[in-house]
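A short worksheet on the structure shown next.
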Amino acid sequence: MNREVYLDNAAATPVRKEVLDEMMPFFDQYYGNPSTVYEAGSKVRAFLEEQRAKVAELISAEPEEIIFTSGGTEANNLAIKGIVFAHRKKGNHIIVSSIEHHSVLNSARFFERFDYEVTFLLVDENGLIDLERLKELIRPETVLVSINHANNEIGTIQPIEEIAAICKEKGVFLHTDAVATVGNIPVNVKELGVDLLSLSGIPLGAPKGTGALYFRKGIRIMPLIHGGIQEKGRRGGTENVPGIVGLGKAAEITLRELPAKIPHVKALRDKLISGILEKVESVKLTGHPEKRLPGHASFCVEAIEGEAMIFMLSAEGIYVNTGSACASKALKTSPVLVAIGVPPELAQGSIVFTFDHNNTEEDIEYVLEKFPSVVEKLRAMSPLWRKKKNNTK
Ligand code: PMP
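In my numbering, the protein residues as written are 23 to 415.
This is the structure:
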């Protein structure tokens, strides 16, 4: 039996036992609808509000600044569409970075149909945005700037505090997609200075299909899902009570365990990065070498395809990704790697490892044992590799 090593924690994490236990009674014991006024419902409402406070605490927000959503994608859609629709008199210009998740990119692009202009802010070779360029691009009709806190494909963490200072001075709203950071590094919305922030339950060990949007008190936002009075009229529909309870419990655990998780995953990340760079030739670490997520290592391996590596590693019981899980089946050159200037042929060899608290040093040793031979086998079949070797003879 092969060992199983799971290193795709950005795409999914197991729901934690404590989280599952907390959720269970909300399927059959506390099944009342939280919008009803009798006790079976009002009791559930009280539990729901407790979860809102827990999620708020994780990011140093106030409970009334949290809207529960069906995940990071909906939070990003609600932030962008909700702000742009509610503030359409301010203007018709949106700025997003060129390395956003599709839920941000496509939400912004949606407004091009309504005569909005969308500017895609370029990044440098490490994936960092240029603050001076951002200042130049903001104009009186700019409504919103949306820049991810960290990118899930290359791990680079953006200087959100500095970006927020610029947006505040220029009077534009700032949204950040923090799906890659909440649960992986400390996130404090007050210190970051953002107006809106999206998070997902996935990296926290909460069920898939859970998440939240933080929106600073006093900000006007248009609902996307029109319906009843749930979420103060900002998101209609009976709440996913068990999911929200899971998200709340996972937020509580994350707050408690994050200080120990960070040095643990960072040590594993550094061991993997130095091991791969040492054992495999012609490999490039992508993203910022220091300003990166503690549990994230990403590479481009020359002359072979990411998908082929993923399949061969999976045969050894090692589960990793080529990039964003949401885009990995699209088999297109990653726009994120193109944006940081990786040549298209090299971008084909993308591989991303994301760690969690339950990964061990033995996991990394196992990957370092198997990975070089997977690369070697694939390169033995690669005409590109043969050509490179012939040219360097
Ligand atoms: N933003 C980023 C950076 C992501 O990686 C993802 C996917 N994990 C999302 C948004 C979407 O989150 P969800 O899958 O919860 O909708």
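In this text, a Cβ means the ideal position worked out from N, Cα and C, and glycines have one as well.
- Runs of beta strand (DSSP E) lying entirely within the stretch 32-106, each at least 3 residues, in chain order: For secondary structure counted as the beta strand (DSSP E) over 3 or more consecutive residues, the stretch 32-106 holds these complete runs in sequence order: 88-91.
- Taking 8 Å as the cut-off, is the CB of G317 close to at least one heavy atom of the ligand PMP? no
- Cβ of G231 versus every heavy atom of the ligand PMP: is any distance shorter than 8 Å? yes
- Query: What residue does the beta strand (DSSP E) around T308 start on, and which one ends it?
  - Reply: Element bounds for T308: n/a, residue is neither H nor E.
- In angstroms, rounded to a whole number, what distance separates the CA positions of L100 and H286? Cα to Cα, the separation comes out at about 34 Å.
- Beta carbon of I224: closer than 8 Å to some heavy atom of the ligand PMP? yes
- Query: By how many angstroms is the C-alpha of R291 removed from the C-alpha of P229?
  - Reply: Straight-line Cα distance between these residues: approximately 25 Å.
- Distance between V211 and S220 (C-alpha atoms, nearest Å): S220 and V211 have their C-alpha atoms some 11 Å from each other.
- the ligand PMP heavy atoms versus the CB of H123: any closer than 8 Å? yes
- For I251, the three-state DSSP class (helix, strand or coil): coil
- Query: How about N217: is its Cβ closer than 8 Å to a heavy atom in the ligand PMP?
  - Reply: A small fix is needed here, since residue 217 is Asp in this sequence, not Asn. For the ligand PMP, not one heavy atom lies less than 8 Å from the Cβ of D217.
- Message: Buried or exposed, going by whether 16 or more other CB atoms sit within 10 Å of the CB of N24?
- Response: exposed
- Message: Looking at chain D, is there any beta carbon in it that lies within less than 9 Å of the beta carbon of H171?
- Response: Chain labels in this structure do not include chain D; a single protein chain is all it has.
- Query: Do V305 and C322 have their CB atoms nearer than 9 Å?
  - Reply: yes
- Message: Give me the DSSP bridge partner(s) of S172.
- Response: With the sequence shown as reference, residue 172 is identified as Ala, and Ser is not the correct amino acid for it. Answer by DSSP bridge pairing, in chain order: I179.
- Task: Whole angstroms is fine: what's the gap from I121's alpha carbon to T203's?
- Result: If I take the Cα positions, the gap works out to 15 Å.
- Nearest candidate by alpha-carbon position, reference K301, set I266, P311, I362, E391: Measuring from the Cα of K301, the nearest candidate turns out to be E391.
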